[in-house]
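Residue numbers (my numbering), protein chains in the order written: chain A, 65 to 369; chain B, 2 to 355.
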């Protein structure tokens, strides 16, 4: 059966899920961190560290799921370190983020040197395309369980931020540290916990890269997914469920170039890759204004002041 | 004892002591790190010193790496005077290198000196205009400059990759798409008596000019006021918008010049090697130097030295080349953390005096 241009659409959808999943986890992590009023530019380091940890643990233990868990824990440690440093007066969270990015990637490359060659057990995928005869569709519907977990996390996180006492505390700390202190909330502790939990999610996003797609561990594994989390969260208007859609959009845009190549459109490959960045910038230009702040932004965030 | 120290000296002494203290603490932390990896920290430091500053050859190695860092650090340091955090140095380097190479290719018959000057101007203009986008968006649309300059980095890299794989591709660059070579005659030479290209001189001169501009001109004075308090600056009638645009343009021009030098002194063509993370390393140099253009020079040399020592570290101690990345990370985290210590010693001194 000739799929032609339909093939492009199917490949983009499949790519949206496959490439979008790590974006989903880092953006959820960044979203939670930013809701508490901190910005973590160091998630790139967390992601790479998570990828290395996940791969190494999966190789040694034989269990990729244990790898995912340990990747999350490694991310949590880095997140907590970032947030602990930032809880001191006058320590700039953006600068610390860039230093953490350097530190995290450096540490991952250092510790991960022995794991470049060996092959670790891979995370299994769930076949949702068994009903179809079209091979492209079958391939696109091979979905990793982490994607489904990510959807659940997005929905639950969104609900919890809105409806639970814990969510309210995080949001108060993010909106106004002074108000939170007046209420007797431990501002620094809530921020450290939120950033550590955000790091946990970003670490899992990293383990997806090394244990599922592209499924290897090398120094060029991440292409800036962690750095882009900040932009994704702006695009998603600080809504966890929004992060889900934006991650899919991002993944789809990244898959557009290669899938157009398969039908003979070869030009503009790199320009297609840049579409998500151009879109984010465009959205910011349209929605920002000198006279009002963004809708949904936590007011303690340094980037919006 | 400290009571006898005059106030002005005290002011200079504080950052000096804090930075030396943080460097010591980071060296101890890194020493523990390499010791846990099974290497002798004292020998490692000796090797690093030898590889970075031990011989005239290693000094050259260090300085070649320091030169672009000085320029990219200015990309972050100058807007820092206005209270802006710009992290778009990478994009300015890429655009500067790309357009410098493109203009060089349009003038095959011109004498080399003309080509080089045109390349420098084109690179500076491209980098300057590129970062100015971030400044303009900040001023006119209140778009956060940190995020927009980060996004502009990715867009610049995409433009570079697009152009070197299509319009300006040298068909002979098979595995590594690049523009045509700008011609050996047009390559920038070395400083006589050394293997160092002129980039180092450009870097130092740029830092000195930037320092003079920010600390000894009316323009710099106005910028520092605007950075301290935007409302006060507006009330005083300062053109804040124009200051933002000009500073971002000058900062981007420094980055663009770094890109031009990468093309004219090292690669000879524009390709994705321009995207070598000099921009991101420059951000850290600026932060550590606390945005002071004169302090950027030694910090860039120090970082250049750390980077230059990676090869020997690998051969002599079988440590992975990422070891220096870990060291950089530790140093920067400790120095950024030390920011919280400023002012605390003054309090101690006052208490001691009373």
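Where is the CB? At the ideal position from N, CA and C, for every residue including glycine.
Residue ranges of each alpha helix (DSSP H) within the region 126-170 of chain A, 4 or longer: Considered as a whole, the region 126-170 of chain A harbours 128-150 as its complete alpha helix (DSSP H) runs of no fewer than 4 residues, in chain order.
Counted within 10 angstroms of its Cβ, other Cβ atoms place residue 196(B) as buried (16 or more) or exposed: The sequence position of residue 196(B) within the second chain is 195, counting from 1. With fewer than 16 other Cβ atoms within 10 Å, it is exposed.
Neighbour flag for residue 74(A) against chain B, beta carbons, 8 Å: Start at 1 with the first residue of the first chain, and residue 74(A) comes out as number 10. In terms of beta-carbon proximity, residue 74(A) stays away from the interface with chain B, with every pair separated by 8 Å or more.
Terminal residues of the alpha helix (DSSP H) in which residue 213(A) lies: Along the first chain, one-based indexing puts residue 213(A) at 149. Per DSSP, residue 213(A) belongs to the alpha helix (DSSP H) from 209-227.
Three-way DSSP call (helix, strand, coil) for residue 62(B) in this model: Locating residue 62(B) in the second chain gives position 61, counting from the first residue. The DSSP-derived three-state label of residue 62(B) is helix.
Residue 341(B): contacting residues in chain A (beta-carbon distance under 8 Å): Position 340 of the second chain, counted from the start, is the residue given in the question as residue 341(B). Chain-order list of chain A residues neighbouring residue 341(B): 152, 153, 154 and 155, by C-beta distance under 8 Å.
Cβ contact (3+ pairs, closer than 8 Å) linking the region 316-331 of chain A and the region 169-183 of chain B: In short, these stretches do not touch, since the Cβ pair count stays below three.
CB contact below 8 Å: residue 337(A) versus chain B: The sequence position of residue 337(A) within the first chain is 273, counting from 1. Interface residue (Cβ-Cβ distance to chain B less than 8 Å): residue 337(A) is classified as such.
Three-state secondary structure assigned by DSSP to residue 272(B): Numbered from 1 along the second chain, position 271 holds the residue referred to as residue 272(B). Under the three-state reduction of DSSP, residue 272(B) is assigned to strand.
Cβ of residue 23(B) within 8 Å of any chain A Cβ: As a working mapping, residue 23(B) is identified with position 22 in the second chain. Residue contact with chain A for residue 23(B): absent (no Cβ-Cβ distance below 8 Å to any residue of chain A).
Beta-carbon spacing of residue 219(A), residue 297(A) below 8 Å: Position 155 of the first chain, counted from the first residue, corresponds to residue 219(A). Position 233 of the first chain, counted from the first residue, corresponds to residue 297(A). No, these two residues do not count as a Cβ contact at 8 Å.
Member of 124(A), 173(A), 109(A) and 181(A) whose CA lies at the smallest distance from the CA of residue 146(A): Residue 146(A) sits at position 82 when you count from the first residue of the first chain. It is 109(A).
Within-8 Å CB hit, residue 277(B) to chain A: On the second chain, residue 277(B) is found 276 positions in, with the first residue counted as 1. For residue 277(B), the answer is no, since every Cβ of chain A falls outside 8 Å of its Cβ.
C-beta contact flag for residue 98(A) and residue 107(A) at 8 Å: For this step, residue 98(A) is matched to residue 34 along the first chain. For this step, residue 107(A) is matched to residue 43 along the first chain. No. Outside cutoff.
Residue 348(A) at chain B interface by Cβ criterion, 8 Å: Taking the first residue of the first chain as position 1, residue 348(A) is located at position 284. Yes, residue 348(A) counts as interfacial toward chain B.
Cβ shell of residue 148(B) (< 7 Å), same chain only, five flanking positions each side left out: Counting from 1 along the second chain, the entry for residue 148(B) is found at position 147. So the list is empty, once near-sequence residues are dropped.
8 Å contact criterion, which residue 83(B) and residue 228(B) should meet: CB distance rounded: Residue mapping note: residue 83(B) aligns to position 82 of the second chain, counting from 1. Residue mapping note: residue 228(B) aligns to position 227 of the second chain, counting from 1. Rounded to the nearest angstrom, the Cβ distance from residue 83(B) to residue 228(B) is 4 Å, consistent with a contact under 8 Å.
CB contact check: residue 337(B) to chain A, cutoff 8 Å: On the second chain, residue 337(B) is found 336 positions in, with the first residue counted as 1. True, the Cβ-Cβ gap to chain A drops below 8 Å.
Boundaries of the beta strand (DSSP E) in which residue 190(A) is found, first to last residue: Taking the first chain and counting its residues from 1, one reaches residue 190(A) at position 126. In this chain, the beta strand (DSSP E) harbouring residue 190(A) covers 189-191.
Option nearest residue 35(B) by Cα separation, candidates 62(B), 345(B), 77(B) and 326(B): Looking up residue 35(B) in the second chain gives position 34. Residue 35(B) has its Cα closest to that of 326(B), out of 62(B), 345(B), 77(B) and 326(B).
Within chain B, the residues that residue 260(A) reaches when beta carbons sit closer than 8 Å: On the first chain, position 196 is the one that residue 260(A) refers to. Those do not exist, as residue 260(A) stays about 17 Å from chain B at its closest Cβ, beyond 8 Å.
Neighbour flag for residue 98(B) against chain A, beta carbons, 8 Å: Position 97 of the second chain, counted from the first residue, corresponds to residue 98(B). For residue 98(B), the answer is no, since every Cβ of chain A falls outside 8 Å of its Cβ.
Within chain A, partners of residue 330(B) - CB distance below 9 Å: As a first step, residue 330(B) is located in the second chain; it is residue number 329 there, counting from the start. Near residue 330(B) (Cβ distances below 9 Å), the residues of chain A are 109, 163, 164, 165, 166, 167, 168, 169, 170 and 171.
Host alpha helix (DSSP H) of residue 162(B) (start-end): In the second chain, counting from the first residue as 1, residue 162(B) sits at position 161. From DSSP, the alpha helix (DSSP H) with residue 162(B) extends over 146-166.
Exposed unless 16 or more other CB atoms sit within 10 angstroms - verdict on residue 65(A): In the first chain, counting from the first residue as 1, residue 65(A) sits at position 1. Note on residue 65(A): pLDDT 46, under 50, position unreliable in the model; no value is reported.
Cutoff 8 Å: residue 99(A) Cβ touching any chain B Cβ: As a position in the first chain, residue 99(A) is number 35, starting the count at 1. False, the Cβ-Cβ gap to chain B never drops below 8 Å.
C-beta atoms of residue 201(B) and residue 64(B) nearer than 8 Å: Looking up residue 201(B) in the second chain gives position 200. Looking up residue 64(B) in the second chain gives position 63. Between residue 201(B) and residue 64(B), the CB-CB gap stays under 8 Å.
Cβ pair count under 8 Å reaching 3, the region 270-288 of chain B against the region 231-239 of chain B: At 8 Å Cβ cutoff, the stretches do not touch.
Proximity test, Cβ basis, 8 Å: residue 243(B) and chain A: For the purposes of this step, residue 243(B) is taken as residue 242 along the second chain, with counting starting at 1. Judged by the 8 Å Cβ criterion, residue 243(B) is not in contact with chain A.
Interfacial residues, the region 312-323 of chain B to chain A, with Cβ spacing under 9 Å: Going along the region 312-323 of chain B in chain order, one finds 320, 321, 322 and 323 with a Cβ nearer than 9 Å to chain A.
Selection from 299(B), 21(B) and 220(B) that minimises the alpha carbon distance to residue 67(B): On the second chain, position 66 is the one that residue 67(B) refers to. When each option's Cα is compared against that of residue 67(B), the closest is 299(B).
Residue span of the alpha helix (DSSP H) that contains residue 173(B), given as start and end: Residue 173(B) sits at position 172 when you count from the first residue of the second chain. Boundaries for residue 173(B): no alpha helix (DSSP H) harbours it, and the DSSP string shows neither H nor E there.
Residue range of the unbroken alpha helix (DSSP H) whose run includes residue 316(A): Within the first chain, residue 316(A) is the residue found at index 252, counting from 1. Element bounds for residue 316(A): 304-326.
Cutoff 8 Å: residue 163(B) Cβ touching any chain A Cβ: Taking the second chain and counting its residues from 1, the one referred to as residue 163(B) is at position 162. Residue 163(B) counts as touching chain A.
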